[in-house]
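Colleague:
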Amino acid sequence: GTRQFTPGIPYPARAVRVIDGDTLRVAFPDGSQETVRIVGVDTPEVTPGGNDPDSFAGVTDPWFLASWGEEASATLRREVEGREVTITIDRSAGERDRYGRLLAYLHTTDGTDFGELLLSRGLARVYTAESFARKEYYLAVQDRAVRAGTGVWSGLTPAPPGSDGVFIADVHYDATGDDRTNLNDEYIILENGGATVLVLSGWQIRDSDGFAFTLPEAALGPGGGIVIHTGCGTDNRTALFMCSPVPVLNNDGDTVTLHDTGGTEISRFAW
């Protein structure tokens with residue numbers, strides 16, 4: 429029959445084979461083996477087709493995700509395979525998933541929580557669909573990795589959605605054709621990743637050459653975006669126009685920053 433495990437008790441085992449970044453085979457001292465999925469975390473799949481673009485919020489490229497899936501698997505192999513570990517079942521997660529795999533925290537002999545390690549290196553996301561005791565702590569670890577752009581989160585725009593408030597989501601610096609005759613195809617996109625309406629009147633867009641544009645009356649709702657064009661036009665809720673006679677954004681590299689009314693830098697975007 430299937431072996432029974434008591435939640436909260438660390439069971440010694442040996443990691444015999446890594447299957448992927450969050451799954452491995454372990455052998456217990458009595459010779460029995462189990463497939464363990466590390467509870468509370470989800471690493472990207474190693475095949476691009478296996479990656480759901482919605483899983484890693486804001487990181488949608490399946491090939492990019494797969495490369496970090498490979499890195500997660502390699503990390504588990506490098507740091508755990510062939511070594512002594514402990515397996516601890518979480519009471520709220522339950523003992524097994526729907527595939528019959530053991531759901532457990534994985535610790536190395538020095539006490540490292542491997543789920544936490546994967547999250548801190550940006551090699552996994554918190555598997556929020558699951559209830560488990562360390563969820564709040566894991567989410568805090570993930571949040572630090574997201575804000576630092578670590579690992580898979582390096583695929584996010586500079587200030588990721590879900591950060592508090594407005595950020596520069598994208599810059600289209602190279603207009604189609606001659607930039608000088610197509611000024612409105614040179615633009616900056618601001619997005620609001622927060623949960624409240626933000627009034628941006630008096631905020632400034634600046635670049636590394638000393639250019640500055642002060643935003644007129646403008647407000648951004650939660651999840652909303654606004655496009656700021658270099659050329660002239662009629663301002664509306666989703667578009668603003670700098671009305672510059674010349675291109676502003678250097679095609680060969682520049683840095684654009686967003687500043688609030690007090691001059692504090694809120695977001696930056698470099699290329």
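Mapping the sequence shown onto our numbering, position 72 (from 1) lands on 500, and the numbers just tick up by one.
Note that CB positions come from ideal geometry on N, CA and C, so glycine has one too.
#1: Does DSSP classify residue 684 as helix, strand or coil?
#2: Determine the burial state of residue 664: buried for a count of at least 16 other Cβ atoms within 10 Å of its Cβ, exposed for fewer.
#3: Using DSSP's beta-bridge definition, name the partner residues of residue 446.
#4: Using CA atoms only, rank isn't needed, just tell me which of 611, 610, 582, 679 is closest to residue 485.
#5: On the three-state DSSP scale, how would you describe residue 586?
#6: Going straight from the alpha carbon of residue 586 to that of residue 685, what length do you get?
#7: Assuming contact is defined by CB atoms lying nearer than 8 Å, are residue 444 and residue 431 in contact in what I supplied?
#8: How would you label residue 436, buried or exposed, when you count the other beta carbons within 10 angstroms and need 16 or more for buried?
#9: Residue range of the alpha helix (DSSP H) that residue 492 falls in?
#10: Taking only three categories from DSSP, how would you classify residue 640?
#11: If residue 493 sits next to residue 580, beta carbons under 8 Å apart, how far is it from one beta carbon to the other, in whole angstroms?
#12: Using CA atoms only, rank isn't needed, just tell me which of 605, 623, 442, 672 is closest to residue 510.
#13: Can you tell me the Cα-Cα spacing of residue 591 and residue 578, whole angstroms?
#14: Could you check what DSSP says for residue 516 in three-state terms: helix, strand or coil?
#15: Helix or strand or just coil, what does DSSP make of residue 628?
#16: Give me the Cα-Cα distance between residue 696 and residue 690, rounded to the nearest whole angstrom.
#17: Near residue 623, which residues of its chain fall below 6 Å by C-beta distance, leaving aside the five closest residues on each side in sequence?
#18: When you compare the CB positions of residue 424 and residue 471, do they come within less than 8 Å of one another, or not?
#19: Would you say residue 534 and residue 542 are within 8 Å of each other, going by their C-beta atoms?
#20: I need the boundaries of the alpha helix (DSSP H) containing residue 645, first residue and last residue.
#21: For residue 520, which residues of its own chain have a beta-carbon under 8 Å away from its beta-carbon, when the five flanking residues on both sides are left out?
#22: Do residue 614 and residue 676 have their CB atoms nearer than 8 Å?
#23: For the alpha helix (DSSP H) containing residue 564, name the first residue and the last one.
#24: Measuring CA to CA, which of 597, 642, 460, 637 is closest to residue 629?
#25: Using CA coordinates, which residue listed in 617, 474, 538, 450 is at the minimum distance from residue 496?
#26: Write down every uninterrupted run of the beta strand (DSSP E) in the stretch 643-679 whose length is 3 residues or greater and which is fully enclosed by it, in chain order.
#27: What first and last residue would you give for the beta strand (DSSP E) that runs through residue 534?
Modeller: Quick answer:
#1: Counting from one through the sequence shown, the residue named residue 684 turns up at place 256. In the displayed model, residue 684 falls within a strand according to three-state DSSP.
#2: Here residue 664 corresponds to residue number 236 of the sequence shown, with the count starting at 1. Answer is exposed; the Cβ neighbour count stays below 16.
#3: Translated into the one-based positions of the sequence shown, residue 446 becomes position 18. DSSP lists 452 as partners of residue 446.
#4: Along the sequence shown, read from residue 1 onward, the residue named residue 485 stands at position 57. Cα-wise, what sits closest to residue 485 is 582.
#5: Taking the first residue of the sequence shown as 1, we reach residue 586 at position 158. Legend: pLDDT at residue 586 = 47, less than 50; position of this residue unreliable, value from coordinates given subsequently. Coil, per DSSP.
#6: In the sequence shown, residue 586 corresponds to position 158, counting from 1. In the sequence shown, residue 685 corresponds to position 257, counting from 1. Because the pLDDT at residue 586 is just 47, under 50, the model does not fix this residue reliably, and the value given afterwards should be weighed accordingly. Approximately 11 Å between the Cα atoms of the pair.
#7: The residue you call residue 444 lines up with position 16 of the sequence shown. The residue you call residue 431 lines up with position 3 of the sequence shown. Going by C-beta atoms, residue 444 is not nearer than 8 Å to residue 431.
#8: As a working mapping, residue 436 is identified with position 8 in the sequence shown. Exposed is the call here.
#9: The residue you call residue 492 lines up with position 64 of the sequence shown. Residue 492 -> alpha helix (DSSP H) spans 490-508.
#10: Counting from one through the sequence shown, the residue named residue 640 turns up at place 212. In the structure shown, residue 640 sits in a strand (DSSP, three-state: E or B).
#11: Residue 493 sits at position 65 when you count from the first residue of the sequence shown. Residue 580 sits at position 152 when you count from the first residue of the sequence shown. For a cut-off of 8 Å, the C-beta gap from residue 493 to residue 580 is around 7 Å, short enough to register as a contact.
#12: Walking along the sequence shown from the start, residue 510 turns up at place 82. The option with the nearest alpha carbon to residue 510 is 442.
#13: If you number the sequence shown from 1, residue 591 lands on position 163. If you number the sequence shown from 1, residue 578 lands on position 150. Here residue 591 scores only 48 on pLDDT, less than 50, and its place in the model is too uncertain to base an answer on.
#14: Taking the first residue of the sequence shown as position 1, residue 516 is located at position 88. Under the three-state reduction of DSSP, residue 516 is assigned to strand.
#15: As a working note, residue 628 is residue 200 in the sequence shown. Shown here, residue 628 sits in coil according to DSSP, grouped into three states, outside any helix or strand.
#16: Taking the sequence shown and counting its residues from 1, the one referred to as residue 696 is at position 268. Taking the sequence shown and counting its residues from 1, the one referred to as residue 690 is at position 262. Between the alpha carbons of residue 696 and residue 690 lies a distance of about 16 Å.
#17: For this step, residue 623 is matched to residue 195 along the sequence shown. Result list for residue 623: 650, in chain order.
#18: The question about residue 424 has no answer here: the residues shown for the chain are numbered 429 through 699.
#19: In the sequence shown, residue 534 corresponds to position 106, counting from 1. In the sequence shown, residue 542 corresponds to position 114, counting from 1. Yes, the Cβ-Cβ distance between residue 534 and residue 542 is below 8 Å.
#20: Numbered from 1 along the sequence shown, position 217 holds the residue referred to as residue 645. No residue range can be given for residue 645, since it is assigned to no alpha helix (DSSP H) and is classified by DSSP as neither H nor E.
#21: Translated into positions along the sequence shown, residue 520 becomes position 92. Setting aside the 5 residues that flank it on each side, residue 520 is surrounded in the same chain by 559, 560, 561, each with a C-beta closer than 8 Å to its C-beta; the list follows chain order.
#22: Translated into positions along the sequence shown, residue 614 becomes position 186. Translated into positions along the sequence shown, residue 676 becomes position 248. Cβ distance < 8 Å, so residue 614 and residue 676 count as in contact.
#23: Mapped onto the sequence shown, residue 564 falls at position 136. Taken as a continuous stretch (DSSP letters only), the alpha helix (DSSP H) holding residue 564 covers 563-576.
#24: Taking the first residue of the sequence shown as 1, we reach residue 629 at position 201. Here the closest residue by C-alpha is 642.
#25: The residue labelled residue 496 in the question sits at position 68 within the sequence shown. With respect to the C-alpha of residue 496, the residue from 617, 474, 538, 450 having the closest C-alpha is 474.
#26: You should have 653-657, 667-669.
#27: Within the sequence shown, the letter at position 106 stands for residue 534. Secondary structure note for residue 534: its beta strand (DSSP E) is the uninterrupted segment 530-536.
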